[in-house]
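Residue numbers (the numbering used here): 18 to 669.
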């Protein structure tokens, strides 16, 4: 009775405000006595009746059906993968669907005539299958699935951002759609969603017993006569189809499936059937309430998907803390076999100098390729050198930050992007822009640094009780990154006049770098270089573990805090230059180790050079690949780093 009381109270809490807000909006649109006419015999010459019949009512229907579909999808994924945080957003399903639809919209719009749902289903299937293949080596570990899903989502988002930056004619439409807009123009989306949801719901009811048994160990389920892999495949297929249909209809709606299942369990639902039934109803009402609140507070401005991302990220923090630890502690200290010599280091210097010269003097022009003509080089030098210097400085800062994080956490997957430090810097910048009316570089740099430090402290607090467990560090950090993405969508949807600058910055463009900014970044990168020799002992001993470090006199807490603060500040400065996407902090330290740099000081310096080289190369390729258009350096670097991060996770 108590559990049913909690469930009924939650339904009332969701349904009553949704109903009141819906009634208020309906009466504001049409008087009560005109609604029967608008429903049964719509006057095609009355704009209010047209809006009521073909926009307002379909929007309510889509919100209910989409919320129910996402909730059922989340429950099916959680049950089949035995993963309490699985849902279309965290597994990359929605991002894959979004990327497929973006590519089709730009390059093959004729394919949309055959159904957006099939295109969305293809992209969602590829993305989810990639996640499961990567996690399959770890026996579908909870943490590995989530990490792979988040990385696939970030990589797909970076690819989508490239297309949006190149094809600006589609930017407005695709941005609104990707932000999860429920605004409708007819009944088509609601009918199609019902076409996908009703059969999936009926099949789930028919197979509820075998689906319930998927929560058992495979051996136990097999002993009861069940073939787990068959029904797991069916459940995952149903979940992907539901997530893809919603993405095709309204865009990316984040965390509804996660929140609905969590609320259902909080009301006392225990069996699979109870959780699925309650979550479906809760999810429908939850998305309707979010849509009504968004329309009431930000009428016509804020897509519902952006608001669900802001609401869902804190919930994800709470659920992550309940996960069992799964990653084994694995030191990043490498053996000293095949150490790199002076020749390798000199070769790295030659490479960085060569890349800098090529980036400064070589590139396509309106009259053809330039290969270093003196007159052209001098004409373009004043525009190119700030970009080259700024990109190199950002690469150095991110590489040093990533190397530091991998050392202090003893986790080869740690990086500013993965631990939420880049996301914190993004939140700091957006927070400052929200409360101010201009763009002041000094204050933005300070806000980025404070945001990065704040994100680091938040992750620190959330994982301190678990001795900074590697899986929780990464999951909490990536959750901060997703929260920053949601906030960015909200800011861009407000129509602020600084939206152009924000979009350019979020994409990692170096186009706007001024000479004084590049010089300031170079000074910070040199200062970061100077810090490394003083921290060498800490960075060498901390990966050996708390016990060993304490026994040799290292103040572990102080060393960890100072090192993390250094990484956060370096990340904040780099993020202000090239935006939050790059993955340089992950890839550069790994490449340094692969080249044979095992000594801490040499490894950090080599990683810095490699980070600079990658960013210079990314900036140059971004200028020449689709000339005369440009691909932002940060996004280009993310396309290089994202697949590498997935490969590293697969090897782990």
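Just so it is clear, CB atoms sit at the ideal spot from N, CA and C, and this is done for glycine as well. Keep in mind that this is a model prediction, so the values were computed, not measured.
Which residues mark the beginning and the end of the alpha helix (DSSP H) in which residue 605 is found? For residue 605, the enclosing alpha helix (DSSP H) begins and ends at 601-611.
Span of the alpha helix (DSSP H), counted from its first residue to its last, around residue 248: Per DSSP, the continuous alpha helix (DSSP H) segment holding residue 248 begins and ends at 245-267.
Top-ranked residue by Cα proximity to residue 130, from 265, 548, 406 and 633: Nearest to residue 130 by C-alpha distance, out of 265, 548, 406 and 633, is 265.
Are the beta-carbon atoms belonging to residue 429 and residue 615 less than 8 angstroms from one another? With contacts defined by Cβ atoms closer than 8 angstroms, residue 429 and residue 615 do not form a contacting pair.
Quick one: Cα of residue 296 to Cα of residue 529, how far? Inter-residue distance for residue 296 and residue 529 is about 47 angstroms (C-alpha atoms, whole angstroms).
Could you check what DSSP says for residue 102 in three-state terms: helix, strand or coil? In this structure, residue 102 counts as coil in the three-state DSSP scheme.
Can residue 196 and residue 506 be called in contact, C-beta distance under 8 angstroms? Yes, the Cβ-Cβ distance between residue 196 and residue 506 is below 8 angstroms.
Just curious, the alpha helix (DSSP H) that residue 636 is in, first and last residue? The continuous alpha helix (DSSP H) containing residue 636 extends over residues 617-641.
Which of helix, strand or coil DSSP assigns to residue 177: In the structure shown, residue 177 sits in a helix (DSSP, three-state: H, G or I).
Reduced DSSP secondary structure (H/G/I, E/B, other) of residue 308: Residue state, collapsed to three classes: helix.
Tell me whether residue 111 sits in a helix, a strand or coil according to DSSP, three-state version. In the three-state DSSP reduction, residue 111 falls in the helix class (H, G or I).
Terminal residues of the continuous alpha helix (DSSP H) containing residue 427? That residue, residue 427, is in no alpha helix (DSSP H); it is neither H nor E in DSSP.
Taking the alpha-carbon positions, what's the residue 542 to residue 586 distance? In this model, residue 542 and residue 586 are separated by some 11 angstroms (Cα to Cα).
Using 10 angstroms around the beta-carbon of residue 626, count the other beta-carbons present and answer buried if the total reaches 16, otherwise exposed. By the 10 Å Cβ count, residue 626 comes out buried.
Measuring alpha carbon to alpha carbon, tell me which of 258, 87 and 452 ends up nearest residue 3. As shown, the chain starts at 18 and ends at 669. That puts residue 3 outside it, with no answer to give.
C-alpha distance - residue 280 paired with residue 299, whole-angstrom precision: In a straight line, the C-alpha of residue 280 is about 8 angstroms away from that of residue 299.
When you compare each of 133, 218 and 58 to residue 290 by their alpha carbons, which one comes out closest? Cα-wise, what sits closest to residue 290 is 218.
Using 8 angstroms as the threshold, is the C-beta distance between residue 628 and residue 412 below it? For residue 628 and residue 412, yes; Cβs fall inside 8 angstroms.
Tell me whether residue 477 sits in a helix, a strand or coil according to DSSP, three-state version. In the structure shown, residue 477 falls within a helical segment according to DSSP collapsed to helix, strand and coil.
Can you tell me the Cα-Cα spacing of residue 286 and residue 179, whole angstroms? Each residue's CA atom was taken as its position, placing residue 286 and residue 179 some 43 angstroms apart.
Within 10 angstroms of the Cβ of residue 434, are there 16 or more other Cβ atoms? Answer buried if so, exposed if not. With 16 or more other CB atoms across the displayed protein chains lying within 10 angstroms of its CB, residue 434 is buried.
How long is the line joining the alpha carbons of residue 313 and residue 322, rounded to whole angstroms? The straight-line gap from Cα to Cα measures roughly 15 angstroms.
If we call anything under 8 angstroms between Cβ atoms a contact, is residue 472 one with residue 441? For the pair residue 472 and residue 441, the CB atoms are nearer than the 8 angstroms cut-off.
Quick check on residue 24: buried or exposed, where buried means 16 or more other Cβ atoms within 10 Å of its Cβ? By the Cβ neighbour-count rule, residue 24 is buried, with 16 or more other Cβ atoms within 10 Å of its own.
Say whether the segment 561-573 touches the segment 135-147, bearing in mind that this needs 3 or more beta-carbon pairs closer than 8 angstroms, one atom from each stretch. As far as the Cβ criterion goes, the segment 561-573 does not touch the segment 135-147, which means the pair count is below three.
For a test of the three-state rule: what should DSSP assign to residue 355, helix, strand or coil? Any reading at residue 355 must be qualified, since the residue scores a pLDDT of 44, below 50, and its modelled position is unreliable; no value is offered.
Using the three-state DSSP reduction, which class does residue 287 fall into: helix, strand or coil? When DSSP states are grouped into helix, strand and coil, residue 287 belongs to the coil group.
If you draw a straight line from the alpha carbon of residue 94 to that of residue 147, how long is it in whole angstroms? If you take the alpha carbons of residue 94 and residue 147, they lie about 15 angstroms apart.
Taking the C-alpha atoms as reference points, what is the distance between residue 121 and residue 460? Each residue's alpha carbon lies about 41 angstroms from the other.
For residue 227, which residues from the same chain have a beta carbon less than 7 angstroms from its beta carbon, with the 5 sequence-adjacent residues on both sides left out? Within the same chain, 243 and 248 come within 7 angstroms of residue 227 by CB-CB distance, once the 5 residues on both sides are set aside.
Do residue 207 and residue 410 count as a contact pair if the criterion is CB distance below 8 angstroms? In this structure, residue 207 does not lie closer than 8 angstroms to residue 410 by Cβ.
For residue 259 and residue 634, the rounded distance between their alpha carbons: Approximately 41 angstroms between the Cα atoms of the pair.
Contacts around residue 642, its chain only, beta-carbon distance under 7 angstroms, and the 5 residues preceding and following it disregarded: Closer than 7 angstroms at the Cβ level, and outside the excluded window around residue 642, lie 648.
Please report how far the alpha carbon of residue 26 lies from the alpha carbon of residue 424, in whole angstroms. Distance between the alpha carbons of residue 26 and residue 424: 49 angstroms.
Relative to the C-alpha of residue 621, which candidate in 173, 417 and 231 has its C-alpha closest? Nearest C-alpha to residue 621 among 173, 417 and 231: 417.
CA-to-CA distance, residue 61 to residue 45, given in whole angstroms: Pairing residue 45 with residue 61, the inter-Cα distance amounts to about 19 angstroms.
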